[in-house]
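Residue numbers (our numbering): 5 to 157.
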């Protein structure tokens, strides 16, 4: 069993999965977006095509693979934050994204959180070097919106 499977099982009812995503749908989404998803995110989509993770102070609503392309092709996101891959929202006006090209210098595919109202790299908060690290922080009760804003390099 993978580290991600073990973590999701440990979460119990704080993880509300959906039906698994198909390999065909995931591959087509990658093709349309021009990326290859990190293995842990690809695994998550294959286990649950969307789902909600609820921590004590943070929530993460994963987007279904069928909505990823449209969400990421939003004009505001593409103009203000080119090259990101949005994967989830927090139900409160912010979204989680991958820094695909390491624009912020925190590592390729690092994860960040930004408010829609301040859509800019300048207002992003680092939430994890990997998907598993971010899920662990939420599971441990951390309020990811209280993390410091990163500085663009």
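We put the CB at the ideal spot given by N, CA and C, even for glycine.
- Apart from sequence neighbours up to five positions away, the residues of its chain that approach residue 128 with a beta-carbon distance below 6 Å are 116, 118, 154, ordered along the chain.
- Taking a 10 Å sphere around the C-beta of residue 25, we find 16 or more other C-beta atoms and assign the residue as buried.
- The residue from 113, 124, 120, 142 with its alpha-carbon nearest to that of residue 133 is 113.
- DSSP places residue 78 outside both helix and strand once states are collapsed to three, so it counts as coil.
- Using a C-beta cut-off of 8 Å, the segment 92-104 makes no contact with the segment 7-23, since fewer than three inter-stretch Cβ pairs fall below that distance.
- From the listed residues 126, 91, 130, the smallest Cα separation to residue 56 is found for 91.
- In its chain, beyond the 5 residues on either side, 30 have a beta carbon closer than 7 Å to the beta carbon of residue 46.
- In its chain, beyond the 5 residues on either side, 80, 81, 84, 85 have a beta carbon closer than 8 Å to the beta carbon of residue 123.
- Within the model, the alpha-carbon separation for residue 152 versus residue 62 is close to 15 Å.
- Annotated as proximal: residue 143 and residue 15, with beta-carbon spacing under 7 Å.
- Burial state of residue 40 is exposed, judged by a 10 Å Cβ sphere holding fewer than 16 other Cβ atoms.
- For residue 89, the beta-bridge partners assigned by DSSP are 102.
- Taking all protein chains shown into account, residue 156 has fewer than 16 neighbouring C-beta atoms within 10 Å of its C-beta and is therefore exposed.
- Inclusion of residue 96 and residue 65 in the CB contact set at 7 Å is not warranted, their separation being larger than that value.
- In this structure, the CA atom of residue 120 is about 31 Å from the CA atom of residue 13.
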